[in-house]
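Engineer:
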């Protein structure tokens, strides 16, 4: 079961236990993840996502801070409220966040 207030994006499908909090900003955030997943052909995205989180967890020693520091999440949170971002987004835009520990 997925905890309240969380959603999981698996291969472009959103999974959540409560849809009530899902709004256009959350959907846009997840669409940014969809673009990231497609350009990495899905499975490599998930592998890189977990490895990125683990590396940041070692450095930051806090699971929540490590989550927000994931390069994919930095891009999605930074542009989640910009509903036009995906129209101008360049492929592999998440790469510039690899060296940053926070957004």
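Residue numbers (this note's numbering): 3 to 105. Idealized CB from N, CA, C, for every residue including glycine. Since the model is a prediction, treat every value here as computed from it, not as a measurement.
#1: Taking buried to mean at least 16 other C-beta atoms within 10 Å of its own C-beta, is residue 58 buried or exposed?
#2: Buried or exposed for residue 13, please, with buried defined as at least 16 other CB atoms from any protein chain shown within 10 angstroms of its CB.
#3: Does DSSP put residue 64 in a helix, a strand or coil?
#4: Going along the chain, which residues of its own chain have a beta-carbon closer than 6 Å to the beta-carbon of residue 85, five neighbours each way excluded?
#5: If residue 20 sits next to residue 6, beta carbons under 8 Å apart, how far is it from one beta carbon to the other, in whole angstroms?
#6: Hey, quick one: how far does the alpha helix (DSSP H) through residue 80 stretch, first residue to last?
Structural biologist: To lay it out plainly:
#1: As a first step, residue 58 is located in the chain shown; it is residue number 56 there, counting from the start. Label assigned to residue 58: buried.
#2: Start at 1 with the first residue of the chain shown, and residue 13 comes out as number 11. Under this definition residue 13 is an exposed residue.
#3: The residue you call residue 64 lines up with position 62 of the chain shown. Of the three classes helix, strand and coil, the one that applies to residue 64 here is coil, per DSSP.
#4: Counting from one through the chain shown, the residue named residue 85 turns up at place 83. For residue 85, where only same-chain residues beyond five positions count, the Cβ hits under 6 Å are 30.
#5: If you number the chain shown from 1, residue 20 lands on position 18. If you number the chain shown from 1, residue 6 lands on position 4. Right, their Cβ atoms sit about 5 Å apart.
#6: Stepping through the chain shown from its first residue, residue 80 is reached at position 78. Counting along the chain, the alpha helix (DSSP H) containing residue 80 begins and ends at 73 to 81.
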